[in-house]
């Protein structure tokens with residue numbers, strides 16, 4: 036009997052360990068020490084995220100890296116899948132200290148995080164090489180290598196991008212948009228070819244998610260660059276051309292009913308693409324150009340979408356855009372709360388709105404001499420603060436709307452105008468010179484690239 040009890044206990048322990056292992060993602064590997072030395076870093080940041088938006092902070096795991104570049108960690112996950120971003124923090128004594136980068140930057144850099152899809156029970160070896168090449172091996176590695184190869188197909192090839200720039204400089208806007216559209220079609224086809232080549236090695240769910248991500252990630256970037264067109268070419272004739280361009284991109288955006296909504300909402304890129312599309316649509320059709328079109332985006336979400344897609348989009352709208360028009364966000368908050376069905380979504384929206392109903396956050400930002408500026412430095416003053424980054428069309432709109440307000444109140448001793456850039460220092464200083472995003476007499480600060 037004693038032997039039987041011992042055997043049963045042994046089996047129970049083994050089963051417990053097996054179940055525990057199935058609830059985790061195991062990561063081990065090596066990052067080239069040249070990368071670690073470049074940033075004076077001793078750890079790799081692995082971030083579990085719901086989506087690719089850089090506004091989505093997710094859950095952060097700090098993974099120690101040995102002197103030889105080796106690392107190892109095990110991450111518990113609640114769902115069957117999780118998206119992970121691999122990042123590194125700049126610890127050099129420089130203007131960039133504290134900045135966080137995807138390990139693929141600057142070779143592959145865009146407005147979104149580069150995230151990789153893992154499944155519960157994966158045990159993967161990750162090799163991050165000096166030229167930012169990433170190789171995966173082990174259980175669950177096929178889908179990861181597929182994603183890496185997809186991410187290496189850019190929105191535009193270099194030759195096409197060079198030609199488009201020439202056409203823009205010559206004011207041949209229509210020709211530039213036609214060329215970009217044809218190039219977009221080719222890039223989408225290449226991404227789909229890669230995903231399809233892995234189909235037999237993937238489960239139906241993972242294949243569909245990789246397909247959605249591959250197409251949506253590229254189309255999101257295509258929608259995003261329309262904002263720059265809108266700023267550069269503000270006249271009515273050009274506006275019509277840009278609206279035609281928007282319609283052409285929509286033709287490539289045809290996932291539609293091919294995939295169930297329950298799968299779409301699991302994608303790290305699909306909802307971000309939809310949100311970008313609604314922002315651009317509102318921007319191109321807005322009757323006023325001096326206010327961020329938060330209400331137009333919100334109304335469009337309510338009219339066009341339903342169910343879980345609408346719930347997620349409302350939350351994303353507040354997470355990404357409420358800060359750009361907080362008054363409208365506050366005004367629409369009761370409606371948003373009443374529209375949401377899921378209790379979890381209601382709690383999340385309430386949490387997002389807390390930032391607009393509390394005292395000012397005790398911030399610390401930096402000037403061009405890296406001198407810190409804190410909330411307490413502006414005691415007893417009304418602070419008007421604007422966040423921006425280079426190439427952000429919406430940021431330029433906000434800056435334009437701010438100018439008459441600044442002119443009216445700039446001599447008031449109890450009012451402080453502060454602009455904060457999320458760029459790295461060199462790019463921030465270059466953009467300041469243009470005065471598109473700020474005025475030189477404002478208090479211009481930056482986050483040291485921390486976002």
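Residue numbers (the working numbering): 36 to 486. Note that the Cβ used here is the ideal one computed from N, Cα and C, for glycine as well.
Helix, strand or coil: which one does DSSP assign to residue i?
i: residue 138; result: coil
i: residue 125; result: coil
i: residue 334; result: helix
i: residue 68; result: helix
i: residue 158; result: strand
i: residue 370; result: helix
i: residue 490; result: Any answer about residue 490 is impossible in this case: the structure gives the chain only from 36 up to 486.
i: residue 545; result: One cannot answer for residue 545 here, as it falls past the ends of the chain, which runs 36 to 486.
i: residue 52; result: Below a pLDDT of 50, predicted positions are generally treated as unreliable, and residue 52, at 44, falls in that range; the measurement from the model is reported next regardless. The answer is helix: DSSP assigns residue 52 an H, G or I state.
i: residue 298; result: helix
i: residue 377; result: coil
i: residue 27; result: Lying before the first or after the last residue shown, residue 27 is absent from the chain, which here runs from 36 to 486.
i: residue 46; result: Unreliable placement is indicated for residue 46, whose pLDDT of 43 sits below 50; the coordinate value is still reported in the next sentence. Three-state result, residue 46: helix.
What's the gap between the Cα of residue i and the Cα of residue j?
i: residue 104; j: residue 79; result: 10 Å
i: residue 73; j: residue 133; result: 13 Å
i: residue 100; j: residue 462; result: 30 Å
i: residue 398; j: residue 407; result: 10 Å
i: residue 465; j: residue 418; result: 25 Å
i: residue 44; j: residue 179; result: Unreliable positioning characterises residue 44 in this predicted model, as indicated by a pLDDT of 44, which lies under 50. The coordinate reading is nonetheless provided below. C-alpha separation (whole angstroms): 38 Å.
i: residue 92; j: residue 186; result: 21 Å
i: residue 49; j: residue 389; result: Residue confidence for residue 49 is low, a pLDDT of 46 falling below 50, so the modelled location carries little weight and cannot support an answer.
i: residue 192; j: residue 255; result: 17 Å
i: residue 195; j: residue 218; result: 7 Å
i: residue 63; j: residue 371; result: 43 Å
i: residue 347; j: residue 128; result: 40 Å
i: residue 82; j: residue 471; result: 33 Å
i: residue 215; j: residue 199; result: 7 Å
i: residue 309; j: residue 300; result: 11 Å
i: residue 225; j: residue 401; result: 43 Å
i: residue 58; j: residue 95; result: 18 Å
i: residue 201; j: residue 282; result: 23 Å
i: residue 376; j: residue 382; result: 11 Å
i: residue 337; j: residue 373; result: 12 Å
i: residue 447; j: residue 145; result: 40 Å
i: residue 482; j: residue 468; result: 18 Å
i: residue 251; j: residue 284; result: 11 Å
i: residue 264; j: residue 97; result: 39 Å
i: residue 404; j: residue 295; result: 52 Å
i: residue 37; j: residue 113; result: Note that residue 37 scores a pLDDT of 44, beneath 50, so its modelled location is shaky and nothing firm can be said.
i: residue 162; j: residue 221; result: 30 Å
Name, in chain order, the residues that DSSP records as bridge partners for residue i.
i: residue 385; result: None, per the DSSP bridge assignment.
i: residue 78; result: 99
i: residue 171; result: 161
i: residue 481; result: 401, 456
i: residue 418; result: 451
i: residue 105; result: 65
i: residue 59; result: 111
i: residue 83; result: 94, 119
i: residue 151; result: 119
i: residue 498; result: Residue 498 is absent from the model: the chain starts at 36 and stops at 486.
Using a Cβ-Cβ cutoff of less than 6 Å, which residues in the same chain neighbour residue i once the five nearest sequence positions on both sides are dropped?
i: residue 172; result: 160
i: residue 451; result: 413, 416, 418
i: residue 209; result: 276
i: residue 246; result: 230
i: residue 475; result: none
i: residue 441; result: 452
i: residue 175; result: 154, 157, 159
i: residue 423; result: 430, 456, 472
i: residue 478; result: 453
Residue i and residue j look like a contact to me (Cβ under 8 Å); what is the Cβ gap, rounded to whole Å?
i: residue 61; j: residue 157; result: 7 Å
i: residue 327; j: residue 429; result: 6 Å
i: residue 307; j: residue 88; result: 5 Å
i: residue 136; j: residue 149; result: No, residue 136 and residue 149 are not in contact; Cβ-Cβ is about 10 Å, not under 8 Å.
i: residue 32; j: residue 329; result: Outside the shown range of the chain (36 to 486) lies residue 32, about which nothing can therefore be said.
i: residue 313; j: residue 332; result: 5 Å
i: residue 244; j: residue 298; result: 7 Å
i: residue 184; j: residue 236; result: At roughly 13 Å, the Cβ-Cβ gap does not stay under 8 Å, so residue 184 and residue 236 are not in contact.
i: residue 431; j: residue 266; result: 5 Å
i: residue 90; j: residue 165; result: At roughly 30 Å, the Cβ-Cβ gap does not stay under 8 Å, so residue 90 and residue 165 are not in contact.
i: residue 223; j: residue 190; result: With 8 Å as the limit, residue 223 and residue 190 do not qualify as a contact, their Cβ atoms being about 10 Å apart.
Skipping 5 residues on each side, what residues in its chain have a beta carbon closer than 7 Å to that of residue i?
i: residue 52; result: Because residue 52 carries a pLDDT of 44, less than 50, the predicted location of this residue cannot be relied on, and no value is offered for it.
Looking only at its own chain, which residues have a Cβ that is under 8 Å from the Cβ of residue i, when we skip the five neighbours before and after it?
i: residue 290; result: 247, 250, 251, 299, 305
i: residue 203; result: 211, 267
For residue i, decide whether its Cβ has a neighbour in chain B, counting only Cβ atoms nearer than 8 Å.
i: residue 150; result: Going by chain labels, chain B is absent from the structure shown, which holds only one protein chain.
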